[in-house]
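Heads up: the sequence shown at position 563 corresponds to 932 in the numbering used here, and the numbers run straight through without jumps. Glycine included, each C-beta is placed from N, C-alpha and C at the ideal position. Only one structure is covered here, and it is reproduced in the block below.
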Amino acid sequence: YDVVATLLGSILLVGAIFYAGFPRMLSSLVGVAFCLLLSCLIALTLGQLLFGRLSMVSVGFCAILVGLGVDFAILTLGRYHQARADGESHQKAIAISVARLGRAVFFGALTTAVGFLALVLSGALSFSQLGVLIAIGIFVAGLFMCSILFLFVRDRQSAIRYDWLFDIVRKYVRWTVRKPAPMLIFSGAVLLLLTVIGFSPIPPLHFQASTRSLQPKNIRANRALEEIMHKMPVRWEPVLAIVRATNPQELHDYWQKISAHWRELQAAGKIKGFSTPAALCTSPNWMQANRRKLSTINFQAARETLEQTVDTEGFSRDSFAPAFALLDDLQHFTDPNVPLPDWRTQLPQSSSWWFLVDRYFGRDPLLTTGFVMTSQPVATHAQSKELGRDLAVAGVPMIISGWSYALADLQPWSHHQLLIISALMAIFDVSLLALLYRDLRLWLIQVITLAFGIGAMIASMKLLHIDLNLLNVLSFRLVLAIGVDYGIYVVLVWQKTREIEHDVAGVLKPVLLAGLTAVSGFGSLALARNPALTSLGIACAIGIFWSLIATIFFTLPAMAAAQPKT
Numbered sequence: 370y371d372v373v374a375t376l377l378g379s380i381l382l383v384g385a386i387f388y389a390g391f392p393r394m395l396s397s398l399v400g401v402a403f404c405l406l407l408s409c410l411i412a413l414t415l416g417q418l419l420f421g422r423l424s425m426v427s428v429g430f431c432a433i434l435v436g437l438g439v440d441f442a443i444l445t446l447g448r449y450h451q452a453r454a455d456g457e458s459h460q461k462a463i464a465i466s467v468a469r470l471g472r473a474v475f476f477g478a479l480t481t482a483v484g485f486l487a488l489v490l491s492g493a494l495s496f497s498q499l500g501v502l503i504a505i506g507i508f509v510a511g512l513f514m515c516s517i518l519f520l521f522v523r524d525r526q527s528a529i530r531y532d533w534l535f536d537i538v539r540k541y542v543r544w545t546v547r548k549p550a551p552m553l554i555f556s557g558a559v560l561l562l563l564t565v566i567g568f569s570p571i572p573p574l575h576f577q578a579s580t581r582s583l584q585p586k587n588i589r590a591n592r593a594l595e596e597i598m599h600k601m602p603v604r605w606e607p608v609l610a611i612v613r614a615t616n617p618q619e620l621h622d623y624w625q626k627i628s629a630h631w632r633e634l635q636a637a638g639k640i641k642g643f644s645t646p647a648a649l650c651t652s653p654n655w656m657q658a659n660r661r662k663l664s665t666i667n668f669q670a671a672r673e674t675l676e677q678t679v680d681t682e683g684f685s686r687d688s689f690a691p692a693f694a695l696l697d698d699l700q701h702f703t704d705p706n707v708p709l710p711d712w713r714t715q716l717p718q719s720s721s722w723w724f725l726v727d728r729y730f731g732r733d734p735l736l737t738t739g740f741v742m743t744s745q746p747v748a749t750h751a752q753s754k755e756l757g758r759d760l761a762v763a764g765v766p767m768i769i770s771g772w773s774y775a776l777a778d779l780q781p782w783s784h785h786q787l788l789i790i791s792a793l794m795a796i797f798d799v800s801l802l803a804l805l806y807r808d809l810r811l812w813l814i815q816v817i818t819l820a821f822g823i824g825a826m827i828a829s830m831k832l833l834h835i836d837l838n839l840l841n842v843l844s845f846r847l848v849l850a851i852g853v854d855y856g857i858y859v860v861l862v863w864q865k866t867r868e869i870e871h872d873v874a875g876v877l878k879p880v881l882l883a884g885l886t887a888v889s890g891f892g893s894l895a896l897a898r899n900p901a902l903t904s905l906g907i908a909c910a911i912g913i914f915w916s917l918i919a920t921i922f923f924t925l926p927a928m929a930a931a932q933p934k935t
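Right, dumping it as structure tokens:
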């Protein structure tokens, strides 16, 4: 469902935006779709080769790739469209488009790919896969949109006489370049206010540490679980203790120690209860000792004594047949050549007890699991650390796991993602911009724009009561990677252009459309039932929206004020 819903939603929204920007270039939309499909297939193929299997979170890469990859198509087609409107030939218009925007598209694809590739540093396999797939797809899409795409652009397409969107953008550029102060003051004040709200402690940005925030909401399994939890509120997910041994005797000894220690914890009130496979982990040493003890018993004398007693008391021997059979079996096992009994062979395969037994044992009989019911649900990292210390037994290798336990353990990881890796991404972006622009004023304008975009994003999340959770903290680095692209497109054109109104408007219109498609691509993830994808998509959509607003209404007038051009 998530793949179909998010991909179709993204395609419909992106297609509508593309049609609004280029109503007479629908044949090019086929080329865009082909390039995106080819990029998805290449990314998926390489992802399968790298990872072998893909997680449920990584399936959202198609919708994101459609929303971001089409940005490059909009930029190149927009410049081609403008060149054709200026009377250039088909081949000349393609050459102008690639020559003017090829460098910007390359660096835009590079920064976006690096931003997503940084998800590998998260340490989470699902998001590492998502980052690698999108990084590959985005970079390949950038190359295709400057090459293969133009094979689908027909030479006989006529120039558009009137482009209402371009006309609006051109008028805005003309007014902003001539009088940058009003827009710069207004946009700067609004963005500064939002940034102050975003980075101030009041109102607070809540961090949803509860693992319940990541449970799917609109599926029958979750509704059934909520109903069970409502009617049985004292029940919650148990904590799992996974133990592997090298031989049956070692497994027996491990679980005997664990059971004794956990009984002490239960008596002290630290856990509510536990269930282990200790009774099913038999000891070969004990069984051999019992066999030696059986060999000292005179079973023939015991049988004769039983027969005499039955006859003396007047009982029927048939009624005591099981007792005689037991004596025969015990005598049989005194032979050291007879293998010891195994309870797995004694329990019929059709027995319903296997449903219970299979909870404790893996396919490897030496891989076992015990279950601990805690006194209260595990909701914080401190609880998980304390529980891990309490359940551990000296000398017993044990892995503590479980849904709530593992997600509670992700809290410091998510804070690490928010602070450390996002900072590394910001350092990469500002360093790349310094090398690319080689102009201190333009570099400062771009850095301030990025800060405004992130600040407005945080402020919007505060005002809209959108909480951070264990996974959508990754959105900040993605917004930095994508938001910086819009500034690159505009600033590089500003540095080299001599026809301000013509060239800047020619790139600002595609940037506007590209930003809207990126917002649509991430926003379509709100249709997913997977809350990890939904929360990540909404947060990224908000951040990209404000990055686009800051680029159009702050970066452009700031450049016009810092480096006036006529």
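Outcome for residue i when other beta-carbon atoms lying within 10 angstroms are tallied against a minimum of 16
i: residue 397; result: buried
i: residue 828; result: buried
i: residue 555; result: exposed
i: residue 466; result: buried
i: residue 711; result: exposed
i: residue 717; result: exposed
i: residue 533; result: exposed
i: residue 825; result: buried
i: residue 707; result: exposed
i: residue 417; result: exposed
i: residue 562; result: exposed
i: residue 846; result: buried
i: residue 737; result: buried
i: residue 815; result: buried
i: residue 680; result: exposed
i: residue 616; result: exposed
Coarse secondary structure for residue i, derived from DSSP in three states
i: residue 709; result: coil
i: residue 740; result: strand
i: residue 538; result: helix
i: residue 891; result: helix
i: residue 837; result: strand
i: residue 568; result: helix
i: residue 513; result: helix
i: residue 596; result: helix
i: residue 548; result: coil
i: residue 748; result: coil
i: residue 900; result: helix
i: residue 759; result: helix
i: residue 559; result: helix
i: residue 934; result: coil
i: residue 631; result: helix
i: residue 810; result: helix
i: residue 702; result: coil
i: residue 944; result: Nothing can be reported for residue 944, as the shown portion of the chain is limited to 370 through 935.
i: residue 506; result: helix
i: residue 717; result: coil
Those residues which DSSP pairs with residue i across a bridge
i: residue 642; result: 742
i: residue 923; result: Looking at the DSSP assignment, residue 923 forms no beta bridge with any residue, so it has no partner.
i: residue 770; result: 609
i: residue 730; result: 737
i: residue 576; result: 837
Chain C within 8 angstroms of residue i, Cβ atoms only
i: residue 828; result: Of the protein chains in the structure, only one exists, and it is not chain C.
beta-carbon residue i near the ligand NAP non-hydrogen atom, thresh 7 angstroms
i: residue 873; result: Summarising the ligand content, the structure contains no ligands, and the ligand NAP is consequently not present.
For the pair the stretch 720-734 and the stretch 565-580, tell me if three or more CB-CB distances fall below 8 angstroms. No, the stretch 720-734 is not in contact with the stretch 565-580.
Go through the stretch 444-486 residue by residue and report every complete run of the alpha helix (DSSP H) that reaches 4 residues or more, in order. 459-486, all fully within the stretch 444-486.
Can you confirm whether the stretch 744-764 touches the stretch 635-655 when touching is taken to mean that 3 or more C-beta pairs between the two stretches lie within less than 8 angstroms? Judged by Cβ distances under 8 angstroms, the stretch 635-655 makes contact with the stretch 744-764, as three or more pairs qualify.
Runs of beta strand (DSSP E) wholly within the stretch 634-687 (minimum 3 residues, chain order): Listed in chain order, the complete beta strand (DSSP E) runs (minimum 3 residues) inside the stretch 634-687 are 640-644.
Counting beta carbon pairs with one atom in the stretch 789-801 and one in the stretch 880-889, are three or more of them shorter than 8 angstroms? Short answer: they don't touch.
Report yes or no: do three or more beta-carbon pairs, one from the stretch 828-837 and one from the stretch 449-457, lie closer than 8 angstroms? As far as the Cβ criterion goes, the stretch 828-837 does not touch the stretch 449-457, which means the pair count is below three.
Which runs of the beta strand (DSSP E) at least 3 residues long sit entirely within the stretch 379-422? Give them in chain order. Complete beta strand (DSSP E) runs here, min 3: none at all.
Stretch pair the stretch 459-475 + the stretch 895-912: three plus CB contacts closer than 8 angstroms: No: the two stretches stay apart, fewer than three of their Cβ pairs being nearer than 8 angstroms.
Count Cβ pairs between the stretch 853-865 and the stretch 403-419 that sit closer than 8 angstroms; are there 3 or more? Touching, no.
Using 8 angstroms as the Cβ pair cut-off and three pairs as the minimum, do the stretch 622-632 and the stretch 748-765 touch? In short, these stretches touch, since the Cβ pair count reaches three.
Does the stretch 652-659 come close enough to the stretch 672-681 to have 3 or more Cβ pairs within less than 8 angstroms? With the cut-off at 8 angstroms, the stretch 652-659 and the stretch 672-681 do not touch.
Taking three-plus beta-carbon pairs below 8 angstroms as touching, is the stretch 474-490 in contact with the stretch 383-392? Verdict: no, contact absent.
Does the stretch 909-922 touch the stretch 817-824, meaning 3 or more C-beta pairs lie closer than 8 angstroms? With a cut-off of 8 angstroms on Cβ pairs, the stretch 817-824 is in contact with the stretch 909-922, counting three or more such pairs.
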